[in-house]
Each structure stands twice: as C-alpha cells, then as structure tokens.
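What follows is a short report on a single structure.
Residue numbers (my numbering), protein chains in the order written: chain A, 1 to 152; chain B, 1001 to 1152; chain C, 2001 to 2152.
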C-alpha cells in the first residue's frame, strides 16, 4: 500500500508536469488503451446532470482533442502550471482523488488562477506502471473562460 | 517512518476532501475524542497573543460550531477547495505541518483565493488510524472576510 | 525507491516551510557545500537564454544574498506561504521536479498570489540526509514585482 501511495503520487505529478511542459503525446501515454476523460462542473455532477464540458471515451478521441487544442493555442499563447495537492487514495488503491489549482501565464507575463477542482481517477496496473482508465475532472466553476485552451 | 508519511498524507488529504464535499460529520470523525481546534492569525501566534478567531476544545464544541456553519451557509452559498501542499513531519511522526490554500467559488461561478496558511497538527494513533488531537490553523491574514463561512 | 519518495517530499516541504518561517540560516543548511541556486523565467530557459534573475554558485554567495534580502525586507514587510505540489522524481531519485505557488500577505492583511513556477533540483546524499546541489527555479513569468523580496 505504501508503494501504491508513491506510484499514485508519481502518476499525478507526471500528469500535471507533462501538460505544463506541453508534452501532450507523452501525456496521452499516461492513459490506458481503453479510457475515458471528462470535464464536468461539480454542480452538474452533484445534481446528476451528465452534461460534460469535455467528453472523450477513447484515446483516439482524446488525441483528436489534443490536436485541436494545439491548433487553437497558436492564437492564445499562454503557459500552464498545475499545482496538485495531496491525494486521497480510496478502496483498493486504484481509485484516487486529488484537488488541483491551475494557473495560466499570458504573454504579458501576468499569472492568474485559471481553475480549481478535483480529479477523480480510476487507475489500472499496466506492467510496471499505473495508467489512467477513467479521469473525471470536477471543475469548481461552470464559468471557465476559454476552456478549450488547455487540457486540465 | 515511510508508513507514517503515507498515513499522514492520507489523513491530511481526507481532511481537506471531506470539507470540500460538505461531509462535516465524517470530517468530525477525523478528530480524537479529546481534541482541540483553533484558528489564529499567524501574527498573533508569532507575538504570543492568544486571541483565537475560532477556539474549540472538545469534539462537542466543534460539532456545535459545524452545526452553526451549516445554518449560516444557507445564506452564503459557495463551495470550497482545499489544496494542501507537501507536509513536514516532525519528531516522532505525530507532529505535522502542512501549508494550504483554500479557494471558494460562489454562485456566479467565480473562484477566488479565500485563505492561505499553515496547519500545525498533533496526531495520535487510534487503532489502525491516525486521529487529530490538536489542530492549530495559522492564517496568513487577520483580515478574513466572512470567516464563519467554512471550517478551514 | 519508496524511501526516496518520502525523503524527497520531506526535503521539499522543509525547504518551503523554512522560508515561510523566516528561518533563512536553517534554510541555507539544506544546500550542499558546493551548490548552485538560480531563478530564471521559464521562457528564457526554454529558449536557451542563460540570463538568470538570480544566480548564486556557492553557499557563501547565497548567504550574502539572504543577508541582503533581510535588510531589504525591513522596508517591505510581508509574509510568504509556499504551497508545493506533488513532486516528480526522475531517474535515480536524485533529480526532482515540483510545481509551486507562493503567496504573499502584506501588512494590511491582503494575501495575493506572488509567483508560480517549477523547481528543478539535483540532490545529493549527505550522510542520513538529502541536500540540494543544484536548484533551478523556473518562474512562470518574467514580470515579478519586487523580486528581491524573498527567496523562492
């Protein structure tokens, strides 16, 4: 179980770091072959409303999404910084929750809070590594400006 | 010692997660039977001034406090997000410090930094679990608006 | 490897905590005898521009720097809070990356985001402890007001 804690922390840290580095194809590789990635306002989730802001239920779909983002970002140049807080490891060690804050810095050098929320991940063991089977991102707000700008 | 690190992280993560989920009675259960919970501006603490913003020296008192908060929150609807940074484990593993940032999101969907500070916890071993015997919350500011809105 | 994770987390947590406590001489002691400490805007780093905002390549130089900061801070009184996110441990366990957010609170009690960025550390084993041999701080912005106010 101790090893799980370390591996879970490593996976989460890598998840944030690879987005911040813009290494989106390495980031994609953190997901299992069969995977799901969703962004939902927490309010919708709490009320059982399924309307997701982003919904990808395969790695191919997620890859398309990333390609679109990279194109869009040519017109919205910024950098991201994910600060992921201590995770809560549930049940069998393969269900994880972690709070996050994402900051964005624009070309004028201004850094702003972009979003806060909670990751709810289902992981799977893939050889020596953990991979993400299901990532549910509960955003604290429904009012994210220019949401397309980056994966969370 | 490694196990302690994991268990301490788990306890802190659960502490923040349960507040953010509004599960206040499960949160209360993280405290030992005999416990103390205080919120102090760090400036007061550094100067040795005892004036606490919140002071509860029993779980019953903390429970009363929570009940009052739930009532007050009917008029101040918001959600919280705790991002707890890496903890510093002192001495015997039962004294812990961890920095935190708390964000609040209001009904218009605006997310703001609410408070930053430091947890200073004394823990105790209670069967298979760690419980909080003494939680001292040092707030970086003395100027918290609507402090009553949520436990930190 | 698990032990490394714990020790790395402890070192990072202590690093932030000692700055926030203003214990700069204990903080200096986290560095190896032969050490380097640099602050660079990430943009410069990404483009291979070496221009550092702060560059110290010995502990004596870092100590001078700290002494100057303490002098300057008599005129810019504030407190700091480092929230350090989950670290990414690379290679042999002695290369570490961790995202951070630093908040400052002024004398009026206002808390503001001061800076976000990434630590990239090379560590070394020094008896029972880890020490910092090389700390590269990549700031997300080139536009930090009053950068001199505090070590990051």
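Yeah, the Cβ is synthetic: ideal placement off N, Cα and C, and Gly gets one too. None of the values given here were measured: they were computed from a predicted structure.
Run through chain C and tell me which residues come within less than 7 Å of residue i, C-beta to C-beta.
i               : result
residue 1137(B) : By Cβ distance, chain C contributes nothing, its closest Cβ being about 13 Å from residue 1137(B), past 7 Å.
For residue i, return the contacting residues in chain A, with the cut-off set at a CB-CB distance below 7 Å.
i               : result
residue 1047(B) : Correct list: empty, because the minimum Cβ distance to chain A is about 30 Å.
residue 1992(C) : Since the first and last residues shown for chain C are 2001 and 2152, residue 1992(C) lies out of range.
Below 8 Å CB to CB, which residues in the same chain sit around residue i once its five sequence neighbours on both sides are set aside?
i               : result
residue 1090(B) : 1096 and 1097
residue 2030(C) : 2011, 2014, 2015, 2018, 2131 and 2132
residue 162(A)  : In the structure as shown, chain A begins at 1 and stops at 152. Residue 162(A) is therefore absent and cannot be evaluated.
Less than 8 Å between CB atoms is the rule here; does residue i satisfy it with respect to chain A?
i               : result
residue 2121(C) : no
residue 2052(C) : no
residue 1034(B) : no
residue 2068(C) : no
residue 2129(C) : no
residue 2065(C) : no
From which residue to which residue does the beta strand (DSSP E) around residue i run?
i               : result
residue 1143(B) : No beta strand (DSSP E) contains residue 1143(B), which DSSP labels as neither H nor E.
residue 2032(C) : 2031–2041
residue 1097(B) : 1095–1106
residue 17(A)   : No beta strand (DSSP E) contains residue 17(A), which is instead part of the alpha helix (DSSP H) from 2–20.
residue 116(A)  : 111–126
residue 2092(C) : Unbroken run through residue 2092(C): none, as it is neither H nor E.
residue 75(A)   : Counting along the chain, residue 75(A) falls outside any beta strand (DSSP E), and DSSP gives it neither H nor E.
If residue i sits next to residue j, beta carbons under 8 Å apart, how far is it from one beta carbon to the other, in whole angstroms?
i               : j               : result
residue 117(A)  : residue 137(A)  : 6 Å
residue 2078(C) : residue 2057(C) : Not really, about 28 Å apart at Cβ, beyond 8 Å.
residue 1020(B) : residue 99(A)   : 7 Å
residue 2043(C) : residue 2114(C) : Going by Cβ atoms, the distance from residue 2043(C) to residue 2114(C) rounds to 18 Å, so no, they are not a contact pair.
residue 2062(C) : residue 2028(C) : 6 Å
residue 81(A)   : residue 2140(C) : 5 Å
residue 1085(B) : residue 85(A)   : 7 Å
In chain A, what lies closer than 8 Å to residue i by C-beta?
i               : result
residue 2101(C) : 81, 83, 101 and 103
residue 2094(C) : By Cβ distance, chain A contributes nothing, its closest Cβ being about 15 Å from residue 2094(C), past 8 Å.
Would residue i pass as an interface residue toward chain B - the criterion being a Cβ-Cβ separation below 8 Å?
i               : result
residue 2111(C) : yes
residue 10(A)   : no
residue 2140(C) : no
residue 59(A)   : no
Please compile the residues from chain B whose C-beta is within a distance smaller than 9 Å of the C-beta of residue i.
i               : result
residue 2013(C) : 1085, 1086, 1087, 1088, 1089, 1097, 1098 and 1099
Under 6 Å Cβ to Cβ from residue i, same chain only, skipping five residues before and after it: list those, please.
i               : result
residue 1001(B) : Any reading at residue 1001(B) is ruled out, since the residue's pLDDT is 35, under 50, leaving its predicted position unreliable.
residue 88(A)   : 97
residue 2083(C) : 2101
residue 2045(C) : 2138
residue 2036(C) : 2057 and 2134
residue 1032(B) : 1124, 1131 and 1133
residue 24(A)   : 66
residue 2007(C) : 2130
residue 5(A)    : none
residue 2003(C) : The predicted model places residue 2003(C) with a pLDDT of 49, which falls under 50 and marks its position as unreliable; any figure quoted below should be read in that light. Around residue 2003(C): no qualifying Cβ.
residue 1054(B) : 1039
So which residues of chain A does residue i contact, with C-beta pairs closer than 9 Å?
i               : result
residue 2024(C) : None at all; the shortest Cβ gap to chain A is about 24 Å.
residue 2133(C) : Neighbours of residue 2133(C) on chain A: none; closest Cβ ~21 Å, over 9 Å.
Name the chain B residues whose beta carbon is nearer than 8 Å to that of residue i?
i               : result
residue 2020(C) : 1099 and 1118
Which residues mark the beginning and the end of the alpha helix (DSSP H) in which residue i is found?
i               : result
residue 2068(C) : 2059–2072
residue 2026(C) : 2024–2028
Along chain C, in chain order, which residues have C-beta atoms closer than 8 Å to that of residue i?
i               : result
residue 1143(B) : 2108, 2109 and 2110
Which same chain residues end up closer than 7 Å to residue i when comparing Cβ atoms and leaving out the 5 residues on each side of it in sequence?
i               : result
residue 22(A)   : none
residue 2094(C) : 2122, 2123 and 2124
residue 52(A)   : 38, 39 and 40
residue 1059(B) : 1028, 1031, 1033 and 1035
residue 112(A)  : 103 and 104
residue 1092(B) : none
residue 2144(C) : 2115
residue 9(A)    : 87
residue 120(A)  : 97, 136 and 138
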